[in-house]
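Contents: one structure, followed by commentary.
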Amino acid sequence: MRAGGAALRLTVLTGDGATWHHRPLATEIVHRAHAAGLAGASVFHGVEGFGASSVVHSARLLSMSEHLPVAVVIVDRAERVRAFLPQLDGLVTGGVVTLEEVELLLPGEPAGDPEGGR
9 MRAGGAALRL TVLTGDGATW HHRPLATEIV HRAHAAGLAG ASVFHGVEGF GASSVVHSAR
69 LLSMSEHLPV AVVIVDRAER VRAFLPQLDG LVTGGVVTLE EVELLLPGEP AGDPEGGR
């Protein structure tokens with residue numbers, strides 16, 4: 009792995025039932041991130057979780073599988089992520105939004121080591 013530098017991770021935690029104009033909220037966020045030219049966005053669906061309501065939602069058999077947790081994760085340079093934040097205003101009305109400083113590690117040979125440390 010080679011160092012890719014400092015970055016910022018934006019995570020939007022919401023439920024799979026959240027929508028924006030009849031479209032899944034996670035889909036809307038990903039498409040806005042893409043249109044903004046951000047490096048990447050991924051959506052992760054949870055199998056169990058709870059939020060402010062303190063009601064545990066689960067995908068297990070014989071349980072209600074509504075309102076399962078969803079995480080939208082975006083990683084890019086800090087200035088690009090911060091410039092994207094206004095796009096979430098009015099879009100994300102529930103759940104939690106977090107920002108975390110991260111260090112990127114890029115797959116491949118380490119810089120300056122053409123043999124990969126062998």
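Counting in my numbering, the sequence shown runs from 9 upward without gaps. From the three backbone atoms N, C-alpha and C, an ideal C-beta is built for every residue, glycine too. The model shown is predicted, which means the values in this text are computed figures rather than measured ones.
**OP:** Look at the Cβ atom of R17, then the Cβ atom of L114, and state whether they are nearer than 7 angstroms.
**Re:** Not a contact, by the Cβ cut-off of 7 angstroms.
Subject >> Host beta strand (DSSP E) of F52 (start-end) >> reply: In the DSSP assignment, F52 falls within the beta strand (DSSP E) that extends over A49 to H53.
**OP:** Run the CB neighbour count on L93, radius 10 Å, all protein chains shown included, and call it buried at 16 or more, exposed below.
**Re:** Burial is judged here by how many other beta carbons sit within 10 angstroms of a residue's own beta carbon; L93 has fewer than 16 and is exposed.
Subject >> Selected residue, minimal CA-CA separation from G45, among L107, A79 and Q95 >> reply: Ranked by how close their Cα comes to the Cα of G45, the residues L107, A79 and Q95 have Q95 in first place.
**OP:** Would you grab the beta carbon distance between V81 and S50 for me? Rounded to a whole angstrom, and I think it's under 8 angstroms.
**Re:** Contact between V81 and S50 holds, since their C-beta atoms are separated by about 5 angstroms, short of 8 angstroms.
Original post:
Hey, out of E108, A79 and R85, whose CA is closest to G25's CA?
Top reply: Selected option, being the one with the closest Cα: A79.
Original post:
Does the separation of the CB atoms of T22 and G98 fall below 7 angstroms?
Top reply: Taking 7 angstroms as the Cβ cut-off, T22 and G98 do not qualify as a contacting pair.
Original post:
Can you give the beta carbon distance from E109 to A14, rounded, assuming they're within the 8 angstroms contact cut?
Top reply: Rounded, the Cβ-Cβ distance is 7 angstroms, consistent with contact.
Original post:
Looking only at C-alpha atoms, which of A34, H75, R40 and H53 sits nearest to A60?
Top reply: Comparing alpha carbon positions, the residue from A34, H75, R40 and H53 closest to A60 is H75.
Original post:
What is the C-beta distance between G48 and V89, in whole angstroms, given that I count them as a contact (C-beta under 8 angstroms)?
Top reply: At roughly 11 angstroms, the Cβ-Cβ gap does not stay under 8 angstroms, so G48 and V89 are not in contact.
Original post:
Exposed or buried, P77, counting other C-beta atoms within 10 Å across all chains shown (16 or more means buried)?
Top reply: Counting the other CB atoms within 10 Å of its CB gives P77 a total of 16 or more, which places it among the buried residues.
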